[in-house]
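Asker: Letter 151 of the sequence shown, counting from 1, is numbered 256 in our numbering, and no numbers are missing.
For each residue, glycine too, the CB sits at the ideal point set by N, CA and C.
Take a look at this one; I'll ask things after.
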Amino acid sequence: MSRLQFAIALGLTLAAAAAPGQEHWREYPSIERGWYRRDAPPDQAPGEFVVGRLMFPQVRRGYMLGAGPGDWRAGGTAWTVDYPEGDRTFARLLERLTTIDVRLVEQPVNLDDDIDAFYWPFMISGLVGAWDLTDAQAAKLREYLLRGGFLLCDSFYGTVEWEGFVQGIRRVFPDRPIVDLPDSHPIFHSVYDLTDRPQIPTWQHLPRGYRNDGAVARWRAILDDEGRIMVMIAFNNDIADGWQRADEYDYPQEPANLAISLGVNFAVYALSH
């Protein structure tokens, strides 16, 4: 059995065990909806792998992409960056490139909703330089991660946004270090060998590809006691832009391909750990 086959088989077993209590699918307004809009796939049948999207309250810090001060629980705020387009594109890519049984729509996850978070073992969070988790939300996220959950933090750049991210993640893990991942780490080789990882640019700032002082891609993580990645930190990158912009003529192909390959690696790593 190959690495990919083993990872998928194990992950599907774990995900299927959680399926009966899952919350119904729901959709919110996005801060990006004025740019493009893809309707939800007509087939929303359950799948063993679901792309979770972490919802969070925000503060206005760094680059907010025009997000207003509205109620985060109603959408249209920072957490909806690259949502839902990036999530649905990622789901379709996983369906096309792997044998994972993927649900083709994402699942927004509100940490205030009882035990909902624990049904979605893979979550993405963008613009995390702006998150402002409550103590209760931080405790729920900590439990989720320690129990095997995986969080990809994406789409944030520069010193100000990094400091905002650290301030938030320290509510979750006050003492766990943030480490730079070596090129040899298994997450970069779970399916594709990705030793070379140039910056994945944000579309809004092409051709430069980054904002603020975020010129150098950083690949960092927070690990559990066994060395498993709980929080994958794609700092100074916009992986979700690479997914959803891959077919657009003005988005560079090399970083788009890298974003797709990283997404597959992250999903398989999360399922197998």
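Kindly indicate which residue of Met228, Gln212 and Trp236 has the alpha-carbon position closest to the one of Tyr249.
Answerer: Taking the first residue of the sequence shown as position 1, residue 249 is located at position 144. Closest by alpha carbon: Met228.
Asker: Do you know how far the Cα of Glu200 is from the Cα of Gly175?
Answerer: On the sequence shown, residue 175 is found 70 positions in, with the first residue counted as 1. On the sequence shown, residue 200 is found 95 positions in, with the first residue counted as 1. Taking the straight line from one Cα to the other gives about 34 Å.
Asker: Per DSSP, which residues does Val271 bridge with? Please list them.
Answerer: Within the sequence shown, numbered from 1, the residue matching residue 271 stands at position 166. According to DSSP, which records beta bridges pairwise, Val271 is partnered with nothing at all.
Asker: Less than 8 Å between the C-beta atoms of Leu232 and Val186, yes or no?
Answerer: Position 127 of the sequence shown, counted from the start, is the residue given in the question as residue 232. Position 81 of the sequence shown, counted from the start, is the residue given in the question as residue 186. In contact: Leu232 and Val186 (Cβ atoms closer than 8 Å).
Asker: Okay, do the segment 365-375 and the segment 331-351 touch, 3+ Cβ pairs below 8 Å being the bar?
Answerer: The segment 365-375 vs the segment 331-351: in contact.
Asker: For Arg208 and Val155, which I take to be in contact (beta-carbon distance under 8 Å), what is that distance rounded to the nearest angstrom?
Answerer: Against the sequence shown, residue 208 aligns to sequence position 103. Against the sequence shown, residue 155 aligns to sequence position 50. Confirmed, Cβ separation roughly 5 Å.
Asker: Mind checking which residues open and close the alpha helix (DSSP H) that includes Arg281?
Answerer: Residue numbering aside, residue 281 sits at position 176 when the sequence shown is read from its first letter. It is not in any alpha helix (DSSP H) - Arg281 carries neither H nor E in the DSSP assignment.
Asker: Check each candidate in Arg302, Asp280, Pro282 and Arg281 and name the one with the smallest Cα separation from Ser289.
Answerer: Counted from its first residue, the sequence shown places residue 289 at position 184. Answer by Cα proximity: Arg302.
Asker: Shortest alpha-carbon distance to Pro213 belongs to which of Glu359, Ala179 and Pro287?
Answerer: Locating residue 213 in the sequence shown gives position 108, counting from the first residue. Closest option to Pro213, Cα to Cα, is Ala179.
Asker: Look at Gly157 and Trp348 and say whether their C-beta atoms are less than 8 Å apart.
Answerer: Position 52 of the sequence shown, counting from 1, holds the residue named residue 157. Position 243 of the sequence shown, counting from 1, holds the residue named residue 348. Contact flag unset, no.
Asker: When you compare each of Glu266, Asp355 and Tyr224 to Ile255 by their alpha carbons, which one comes out closest?
Answerer: The residue given as residue 255 occupies position 150 in the sequence shown. Strictly speaking, residue 255 in this sequence is Phe, with Ile absent from that position. Comparing Cα positions, the closest option is Tyr224.
Asker: Going by DSSP, which residues form a beta bridge with Pro213?
Answerer: Indexing the sequence shown from 1 puts residue 213 at position 108. The partner list for Pro213 (beta bridge, DSSP) reads Arg158.
Asker: Note the first and the last residue of the continuous alpha helix (DSSP H) segment covering Ser366.
Answerer: Counted from its first residue, the sequence shown places residue 366 at position 261. Per DSSP, Ser366 belongs to the alpha helix (DSSP H) from Gln358 to Ser377.
Asker: How is the beta strand (DSSP E) around Gly340 delimited, first residue to last?
Answerer: Reading the sequence shown from its first residue, position 235 is the one you call residue 340. Residue 340 is actually Phe in this sequence, not Gly. Taken as a continuous stretch (DSSP letters only), the beta strand (DSSP E) holding Phe340 covers Ile334 to Phe340.
Asker: Around the C-beta of Gln358, are 16 or more other C-beta atoms found within 10 angstroms, so that it is buried, or is it exposed?
Answerer: To locate residue 358, count along the sequence shown from 1; it is residue 253. Exposed.
Asker: Classify Val207 as helix, strand or coil using the three-state DSSP reduction.
Answerer: As a working note, residue 207 is residue 102 in the sequence shown. Correct three-state label for Val207: strand.
Asker: Once DSSP output is grouped into helix, strand and coil, what is the label at Ile380?
Answerer: This structure cannot speak to residue 380, because the chain is shown only from 106 to 378.
Asker: Whole angstroms are fine: how far does the CA of Ala322 sit from the CA of Cys258?
Answerer: Taking the sequence shown and counting its residues from 1, the one referred to as residue 258 is at position 153. Taking the sequence shown and counting its residues from 1, the one referred to as residue 322 is at position 217. Their backbone Cα atoms lie some 13 Å apart in a straight line.
Asker: Can you tell me whether DSSP reads Asp285 as helix, strand or coil?
Answerer: Looking up residue 285 in the sequence shown gives position 180. In the structure shown, Asp285 sits in a strand (DSSP, three-state: E or B).
Asker: Suppose contacts are defined by Cβ-Cβ distances below 8 Å. Is Val296 in contact with Val369 by that definition?
Answerer: Within the sequence shown, the letter at position 191 stands for residue 296. Within the sequence shown, the letter at position 264 stands for residue 369. Result yes, Cβ atoms of Val296 and Val369 sit closer than 8 Å.
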